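*Asks:*
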Amino acid sequence: MTATKGLEGIVAASTSISSIIDDTLTYVGYNIDDLAENASFEEVIYLLWHLKLPNKEELNDLKQQLANNMELPQEVINAMKAYPVKNIHPMAALRTAVSTLGLYDEEADVMEEAANFRKAVRLQAKMPAIVAAFARIRKGLEPIAPRTDFGFAANFLYMLTGEEPEAIAIEAFNKALVLHADHELNASTFTARVCVATLSDVYSGVTAAIGALKGPLHGGANEQVMKMLSEIGSVENVDSYIHGKLSNKEKIMGFGHRVYRQGDPRAKHLKAMSEKLTKLTGEPQYYEMSTKIEEIVTSEKALPPNVDFYSASVYHSLGIDHDLFTPIFAVSRVSGWLAHILEQYSNNRLIRPRAEYVGPGMQTYVPIENR
Ligand SMILES: CC(=O)SCCNC(=O)CCNC(=O)[C@H](O)C(C)(C)COP(=O)(O)OP(=O)(O)OC[C@H]1O[C@@H](n2cnc3c(N)ncnc32)[C@H](O)[C@@H]1OP(=O)(O)O
Ligand SMILES: O=C([O-])CC(=O)C(=O)O
Numbered sequence: 071m072t073a074t075k076g077l078e079g080i081v082a083a084s085t086s087i088s089s090i091i092d093d094t095l096t097y098v099g100y101n102i103d104d105l106a107e108n109a110s111f112e113e114v115i116y117l118l119w120h121l122k123l124p125n126k127e128e129l130n131d132l133k134q135q136l137a138n139n140m141e142l143p144q145e146v147i148n149a150m151k152a153y154p155v156k157n158i159h160p161m162a163a164l165r166t167a168v169s170t171l172g173l174y175d176e177e178a179d180v181m182e183e184a185a186n187f188r189k190a191v192r193l194q195a196k197m198p199a200i201v202a203a204f205a206r207i208r209k210g211l212e213p214i215a216p217r218t219d220f221g222f223a224a225n226f227l228y229m230l231t232g233e234e235p236e237a238i239a240i241e242a243f244n245k246a247l248v249l250h251a252d253h254e255l256n257a258s259t260f261t262a263r264v265c266v267a268t269l270s271d272v273y274s275g276v277t278a279a280i281g282a283l284k285g286p287l288h289g290g291a292n293e294q295v296m297k298m299l300s301e302i303g304s305v306e307n308v309d310s311y312i313h314g315k316l317s318n319k320e321k322i323m324g325f326g327h328r329v330y331r332q333g334d335p336r337a338k339h340l341k342a343m344s345e346k347l348t349k350l351t352g353e354p355q356y357y358e359m360s361t362k363i364e365e366i367v368t369s370e371k372a373l374p375p376n377v378d379f380y381s382a383s384v385y386h387s388l389g390i391d392h393d394l395f396t397p398i399f400a401v402s403r404v405s406g407w408l409a410h411i412l413e414q415y416s417n418n419r420l421i422r423p424r425a426e427y428v429g430p431g432m433q434t435y436v437p438i439e440n441r
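Residues in the sequence shown are numbered from 71 upward in steps of one, following the numbering used here.
(1) Please determine if the stretch 291-299 and the stretch 382-393 are in contact, where contact requires at least 3 C-beta pairs separated by less than 8 Å.
(2) Can you tell me where the beta strand (DSSP E) holding I91 begins and where it ends?
(3) Residue range of the alpha helix (DSSP H) that Y427 falls in?
(4) What are the start and end residues of each continuous alpha helix (DSSP H) run of 4 or more residues lying completely inside the stretch 270-297, in chain order?
(5) Reducing DSSP to helix, strand and coil, say where F220 ends up.
(6) Grab me the residues of L193's own chain with a C-beta within less than 8 Å of its C-beta, minus the 5 sequence neighbours each way, in chain order.
(7) Provide the residue(s) that pair with Y97 in DSSP beta bridges, ordered along the chain.
(8) Using the C-alpha atoms, what's the distance from Y153 back to L117?
(9) Smallest Cα separation from E365: which of D309, L340 and K319?
(10) For N225, count neighbouring C-beta atoms within 10 Å of its own C-beta (all shown protein chains included) and say buried if the count is 16 or more, exposed if not.
(11) Based on the DSSP output, what are the partners of F325 in its beta bridges?
(12) How should H313 be labelled, buried or exposed, when 16 other C-beta atoms within 10 angstroms of its C-beta is the threshold for buried?
(13) Which whole-angstrom value is the C-beta distance of Y356 and N186, which I expect to be below 8 Å?
(14) If you pair each beta-carbon of the stretch 141-152 with each one of the stretch 116-133, do three or more pairs fall below 8 Å?
(15) Would A106 pass as a contact of H339 if the rule is Cβ separation under 8 Å?
(16) Among T85, F260, V191 and P374, which has the Cα closest to the Cα of K321?
(17) So, at 6 Å on beta carbons, what are the nonlocal neighbours of E233 in its own chain, with the 5 sequence-adjacent residues on each side left out?
(18) Within the present structure, is the beta-carbon of A291 separated from the nearest heavy atom of ligand 1 by less than 7 Å?
(19) With DSSP as the reference, label K209 as helix, strand or coil.
(20) Under a three-way DSSP split, which group does K156 fall into?
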């Protein structure tokens, strides 16, 4: 038995939800470029969960269900207020709050398909409310209840600030949500599937997935990109900063991908948004630094930017705190995790690969007094 490091190239599941073939990403056969330009995030959620686009009635029904289920149980808000809010990362808070949410869902361990769909709606609806509530609680502010007349993207921005978001912010945020919704068998989705393949519950699957997304080699990279842009500070500093990192053999966050070779098809949409939004906010340097970094990294390392690279300057331009970038990724990706969890349940088998043993050969036990 020989292990493949990082399971590279191993096909570990079948799915009808999304595909990456020849660097083209589709959700249920719809090209991501089409969806990014035309779809609302709610339409994408419906597509991922039902494997077809909704008609008007189905879409309105899902929108209403999401808006109606956004409000958090007071117990979860109280629990968040008791976290050591000043010292914890919002991804740790989100991971814990989603687990706590499961304690207050009477159907948490009901395994029927209809109950799992109901929990999917509740979790999808409450994830943005958790992120927004935590962002306010840690500043000493009260959480803001969602508006039932707002769509998903608008509601998140509203719960974060208490102000009605501008149309351009809603449009940009909706597009970012669409672009991050699903991505075949990425590390966090695989984690969710492994977890629920033991027939554990939806909350456990999503909690596990949040843990996997948090790492800087996966979803956590978007926050690291912003940290890098802040450290660089101006276009003039890009060259020496990036060359310094590369000569130290350090990774440049937001570049490279296990599956894409020519480039991540989502990046161009975020790049265009970054250019537009940074101009509007009067901070074009974030876009200019980013394009200069891209120029160097692609020419010297042949590594194109991934989804995390330009999303950083997009979220910064929307006025979002930098350590909320990865939780925002989770607010979108939970739609994909839930789709994969439902798919896993529908055709389940325990996921249990083998390991190549590379430790010592047979040894004789030595009693502790003789060691
Ligand atoms: C949503 C997402 O999860 S997208 C990915 C987000 N993550 C990041 O942006 C973090 C930076 N990127 C990386 O760490 C990697 O490219 C990954 C984790 C995304 C993919 O990793 P893998 O396929 O395992 O590639 P691996 O890490 O083995 O790298 C292969 C080679 O490319 C180099 N490399 C890969 N990514 C980068 C990078 N961003 N900067 C510099 N060098 C890199 C590695 O150092 C390695 O070089 P070596 O062979 O000389 O040692
Ligand atoms: O697919 C991956 O390995 C990482 C990624 O881009 C994503 O999860 O969106």
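Built from N, CA and C at the ideal position, the CB exists for glycine as well.
These figures come from a predicted structure and were not determined experimentally.
*Replies:* Straight from the coordinates:
(1) Touching, yes, given that three or more Cβ pairs across the two stretches are closer than 8 Å.
(2) Unbroken beta strand (DSSP E) run through I91: S88 to I91.
(3) First-last for Y427: undefined, no H or E at that position.
(4) You should have 272-283.
(5) Looking at F220 - three-state DSSP - the assignment turns out to be coil, as it is neither helix nor strand.
(6) The beta carbon of L193 sits closer than 8 Å to the beta carbons of V168, L171, V272, Y273, V276, V404 and L408 from its chain, once the five residues preceding and following it are set aside; these are given in chain order.
(7) Answer by DSSP bridge pairing, in chain order: S88 and Y100.
(8) The alpha-carbon atoms of L117 and Y153 are separated by roughly 36 Å.
(9) Just measuring C-alpha positions, the residue of D309, L340 and K319 sitting nearest E365 is D309.
(10) N225 counts as buried, since at least 16 other C-beta atoms from the protein chains shown sit within 10 angstroms of its C-beta.
(11) Looking at the DSSP assignment, F325 forms a beta bridge with P375.
(12) So H313 ends up on the exposed side.
(13) Not confirmed; about 41 Å, so no contact.
(14) Taking a contact to require three or more Cβ pairs closer than 8 Å, the stretch 141-152 and the stretch 116-133 do not qualify as touching.
(15) Yes, the Cβ-Cβ distance between A106 and H339 is below 8 Å.
(16) Minimum Cα distance to K321 is reached at P374.
(17) Hits under 6 Å: none found.
(18) Within the cutoff, so yes.
(19) In the three-state scheme derived from DSSP, where H, G and I count as helix and E and B as strand, K209 is classed as coil.
(20) DSSP places K156 in coil when its eight states are reduced to three.
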